[in-house]
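S.K.:
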Amino acid sequence: MEVTIQCIKFDATDKLRDYINKKMSKLDKFFDRAISATVYLKVTKPESVDNKEAEITINAPNA
-14 MEVTIQCIKF DATDKLRDYI NKKMSKLDKF FDRAISATVY LKVTKPESVD
36 NKEAEITINA PNA
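Residue numbers (the working numbering): -14 to 48.
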């Protein structure tokens, strides 16, 4: 599965990108029809500790 990572309002480190790719590769065990996935990483409130959100969109045929 092809994984695209898009960061909004910050730059992801290589370590974070590797972690995301590792976790996304585990989805192939459960959802083998997935063609691609897009991971959106966002900073919502810079002044808060809990300021990050992750959203994953998976593209699959007939889904």
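All C-beta atoms in this analysis are idealised placements derived from N, C-alpha and C, irrespective of residue type, glycine included.
None of the values given here were measured: they were computed from a predicted structure.
#1: Given that a residue counts as buried once 16 or more other Cβ atoms are within 10 Å of its Cβ, and exposed if not, what is A39?
#2: Return the chain-ordered list of same chain residues with a C-beta closer than 6 Å to the C-beta of Y25, the five sequence neighbours on each side being excluded.
#3: Name the DSSP bridge partner or partners of I41?
#4: Name the residue from K0, D35, A19, F(-5) whose alpha carbon lies nearest to the alpha carbon of E(-13).
#5: Leaving aside the five residues before and after A46 along the sequence, list all residues of the same chain whose C-beta is less than 8 Å from its C-beta, in chain order.
M.R.: In this structure, then:
#1: As a first step, residue 39 must be located in the sequence shown, where it is residue number 54. It is exposed - the Cβ of A39 has fewer than 16 other Cβ atoms within 10 Å.
#2: Counting from 1 along the sequence shown, the entry for residue 25 is found at position 40. Answer for Y25: Q(-9), E40, listed in chain order.
#3: Sequence index remark: in the sequence shown, residue 41 carries index 56 (1-based). Answer is V24, bridged to I41.
#4: Along the sequence shown, one-based indexing puts residue -13 at 2. Ranking the options by Cα distance to E(-13), first place goes to A19.
#5: Reading the sequence shown from its first residue, position 61 is the one you call residue 46. In the sequence under discussion, the amino acid at residue 46 is Pro, which differs from the Ala named in the question. Correct list, in chain order: R18, I20.
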